[in-house]
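What follows is a single structure, written as structure tokens, with notes after it.
Protein chains: 2
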Amino acid sequence: MKAGPDISRVAALVGDPARCNMLTALMTGRALTASELAQEAGITPQTASSHLAKLEAGGLIEPEKQGRHRYYRLTDPDVADVLEGLQGIAARAGHMRVRTGPKDPALRRARICYDHLAGDLGVQMLDSMKRQKLVRQTKQAIELTGEGKRFMAEELQIDANTLTHPRRPVCKACLDWSERRHHLAGTLGAAMMDRFTELKWAARDVTPGSRVVNFSRNGERRFTALFGASE
Amino acid sequence: MKAGPDISRVAALVGDPARCNMLTALMTGRALTASELAQEAGITPQTASSHLAKLEAGGLIEPEKQGRHRYYRLTDPDVADVLEGLQGIAARAGHMRVRTGPKDPALRRARICYDHLAGDLGVQMLDSMKRQKLVRQTKQAIELTGEGKRFMAEELQIDANTLTHPRRPVCKACLDWSERRHHLAGTLGAAMMDRFTELKWAARDVTPGSRVVNFSRNGERRFTALFGASE
DNA sequence: TTCATAGTTCGATGATAGCCGAAGCATTGG
DNA sequence: CCAATGCTTCGGCTATCATCGAACTATGAA
Chain F
1 MKAGPDISRV
11 AALVGDPARC
21 NMLTALMTGR
31 ALTASELAQE
41 AGITPQTASS
51 HLAKLEAGGL
61 IEPEKQGRHR
71 YYRLTDPDVA
81 DVLEGLQGIA
91 ARAGHMRVRT
101 GPKDPALRRA
111 RICYDHLAGD
121 LGVQMLDSMK
131 RQKLVRQTKQ
141 AIELTGEGKR
151 FMAEELQIDA
161 NTLTHPRRPV
171 CKACLDWSER
181 RHHLAGTLGA
191 AMMDRFTELK
201 WAARDVTPGS
211 RVVNFSRNGE
221 RRFTALFGAS
231 E
Chain H
1 MKAGPDISRV
11 AALVGDPARC
21 NMLTALMTGR
31 ALTASELAQE
41 AGITPQTASS
51 HLAKLEAGGL
61 IEPEKQGRHR
71 YYRLTDPDVA
81 DVLEGLQGIA
91 ARAGHMRVRT
101 GPKDPALRRA
111 RICYDHLAGD
121 LGVQMLDSMK
131 RQKLVRQTKQ
141 AIELTGEGKR
151 FMAEELQIDA
161 NTLTHPRRPV
171 CKACLDWSER
181 RHHLAGTLGA
191 AMMDRFTELK
201 WAARDVTPGS
211 RVVNFSRNGE
221 RRFTALFGAS
231 E
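Chains as they are written, first to last, in my numbering: chain F, 1 to 231; chain H, 1 to 231.
Next comes the structure, spelled out in structure tokens:
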């Protein structure tokens, strides 16, 4: 007498190493073409095509035709959240990748989680925002306070009114796999990351498929000035 | 140049239908024996034994020997959270089980999520608790307020001091797959569900493996009196 | 001790599904 | 129109892995 949605199909999709590599590559938030994803997974385009069709049927990714390219992106930030959740379990069980490159510490410090900042600095930022009362928890979601709106406008030139989105909250807590605490997701989290990039405080690592975010010397100083660790 | 924990192994574990059935059976929060899990998954004990060994190695379940029985439980509420998250994605993609029994509406209304209340009533409860300022979001977690502690003691005879646990927060937001909003997890969520059961306001469905929670007529009245929908 | 139950290990089997080569569409550019 | 590129479909190969029968260990009961 089973009931409820059938997990195993979705999980099986993520369970294949090739598909999993594609999905983690898409966690950068960027849309990638079928061939790029094939290379990312280390398989031929034919095989990739089959995998992509399955992922699409499973509702994990969405295609967008553009000329003779097919760009794929994760359908939803929620998908990224679940992937992060799985990473948390895998990390605890000690199932790290065999090739744990030198980039790993950098990944723990600051990385892209779909479209917002994660890792040590991401968690630090949300903590600091709460301490400064820029956000608070009201009914069911985190909310930007009046003080927070002023702060965003003055310090980061982000107009809070532009952040509303029909299907996505402005603020959302996203569980960080490396820190096991929350960082800020939602349209605000995305907008802030965008601004950091525009201001050249931070830049995504150039290695294709890397989620690492590198802060410049000046950028880190400015970032810490706004969201410094607990005094 | 991959980095980070390897998701695919964990996901592959969940991806097998038999193992997935076992895991969802364990989402009741109860510990089940190897044979019970075998029956739940519809496979022979030998096969189940192999699956259980894999799930244990993957860190998803934990055994506990008791006489000649081996009881298995989910290692961690976090595992249950990820499973709920996967259900959310599966539900959106329309991957419901083929045999969507008559219990389905009941499951959406009230069910056990590991050890606390989920479904419509679970979401309603957390909403109401926030409205009544029994809990609030402080730094990174939901916190029980002074008012909340009084409420718990007076209305439900729950001593807030007994709720602290070395590895588990008192309050935690858990994403509900059917409502797509949060309900209350953590030791408080578990304690409240226990109390509801003790007071005979609600009881888990007798069907083995069912996550449905049935509220008595009186129980629902009392529950609504405390955590009624928004007035 | 003897029997029954719970669980595991081993070996063989069979089906699923990932993989690639080759060929086929579709779009762009010359 | 032809060539090149991006992607998909088809067919066959292969390896993985879930499955079960049979035999074995361990605990508890008579």
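Yeah, the Cβ is synthetic: ideal placement off N, Cα and C, and Gly gets one too.
Within-8 Å CB hit, residue i to chain F
{"i": "H:Arg195", "result": "no"}
{"i": "H:Glu86", "result": "A quick correction: the sequence has Leu, not Glu, at residue 86 of chain H. For H:Leu86, the answer is yes, since a Cβ of chain F falls inside 8 Å of its Cβ."}
{"i": "H:Ala93", "result": "yes"}
{"i": "H:Gly58", "result": "yes"}
{"i": "H:Thr24", "result": "yes"}
{"i": "H:Val206", "result": "no"}
{"i": "H:Pro5", "result": "yes"}
For residue j and residue i, the rounded distance between their alpha carbons
{"i": "F:Leu74", "j": "F:Ile61", "result": "4 Å"}
{"i": "H:His165", "j": "H:Gln87", "result": "28 Å"}
{"i": "H:Arg99", "j": "F:Pro5", "result": "Here the model assigns H:Arg99 a pLDDT of 39, short of 50, so the residue's position is not dependable and the matter cannot be decided."}
{"i": "H:Leu144", "j": "H:Ala153", "result": "12 Å"}
{"i": "F:Cys171", "j": "F:Arg131", "result": "16 Å"}
{"i": "H:Arg9", "j": "F:Arg195", "result": "36 Å"}
{"i": "F:Lys200", "j": "H:Ala90", "result": "39 Å"}
{"i": "F:Leu126", "j": "H:Ala173", "result": "17 Å"}
{"i": "H:Leu226", "j": "H:Leu117", "result": "15 Å"}
{"i": "H:His69", "j": "H:Thr33", "result": "6 Å"}
{"i": "F:Ala190", "j": "F:Leu83", "result": "18 Å"}
{"i": "F:Leu52", "j": "F:Arg204", "result": "25 Å"}
{"i": "F:Asn161", "j": "F:Pro77", "result": "21 Å"}
{"i": "H:Met129", "j": "F:Tyr71", "result": "44 Å"}
{"i": "F:Ile158", "j": "F:Glu198", "result": "12 Å"}
{"i": "H:Arg92", "j": "H:Thr24", "result": "18 Å"}
{"i": "H:Gly148", "j": "H:Glu155", "result": "10 Å"}
{"i": "F:Arg168", "j": "F:Met193", "result": "16 Å"}
{"i": "H:Leu55", "j": "H:Ile7", "result": "14 Å"}
{"i": "H:Leu134", "j": "H:Gln46", "result": "49 Å"}
{"i": "H:Leu13", "j": "F:Ala11", "result": "8 Å"}
{"i": "F:Gly101", "j": "F:Arg136", "result": "In this prediction, F:Gly101 has a pLDDT of 41, which is less than 50 and means its spatial position is unreliable; what the coordinates show is noted afterwards. Approximately 38 Å, taken between the alpha carbons."}
{"i": "F:Leu107", "j": "F:Asp115", "result": "15 Å"}
{"i": "F:Glu64", "j": "F:Gly85", "result": "27 Å"}
{"i": "H:Ala202", "j": "H:Phe223", "result": "10 Å"}
{"i": "F:Val123", "j": "F:Met22", "result": "26 Å"}
{"i": "H:Arg150", "j": "F:Leu163", "result": "38 Å"}
{"i": "H:Gln66", "j": "F:Val79", "result": "39 Å"}
Residue-chain proximity (residue i, chain H), Cβ-Cβ < 8 Å
{"i": "F:Val10", "result": "yes"}
{"i": "F:Cys20", "result": "yes"}
{"i": "F:Asp115", "result": "no"}
{"i": "F:Ala90", "result": "yes"}
{"i": "F:Asp120", "result": "no"}
{"i": "F:Ile112", "result": "no"}
{"i": "F:Glu231", "result": "Any reading at F:Glu231 needs caution, since the residue's pLDDT is 47, under 50, leaving its predicted position unreliable; the model's value is listed next. No, no contact with chain H."}
{"i": "F:Ile43", "result": "no"}
{"i": "F:Gly15", "result": "yes"}
{"i": "F:Pro169", "result": "no"}
Cβ-heavy atom distance, residue i to the ligand SAH, below 7 Å
{"i": "F:Val206", "result": "The ligand SAH is not part of this structure, which contains no ligands at all."}
(message) I'd like to know if the region 206-215 of chain H and the region 103-114 of chain H are in contact, where contact means that at least 3 CB-CB pairs between them fall below 8 Å.
(response) yes
(message) Beta carbons nearer than 7 Å to chain F: which residues of the region 68-85 of chain H have them?
(response) Asp78, Val79, Asp81, Val82, Leu83, Gly85
(message) Would the region 14-32 of chain H count as touching the region 218-231 of chain F if we require 3 or more Cβ pairs under 8 Å?
(response) no
(request) Examine the Cβ distances between the region 40-53 of chain H and the region 15-25 of chain H and report whether three or more of them are shorter than 8 Å. (result) yes
(request) Decide if the region 184-195 of chain H is in contact with the region 217-226 of chain H; the criterion is three or more beta carbon pairs, one per stretch, under 8 Å apart. (result) no
(request) Any chance you could list the beta strand (DSSP E) runs of at least 3 consecutive residues sitting entirely within the region 70-127 of chain H, in chain order? (result) 111-113, 116-118
(message) Which complete alpha helix (DSSP H) runs does the region 22-66 of chain F hold, if anything under 4 residues is left out?
(response) 34-41, 45-57
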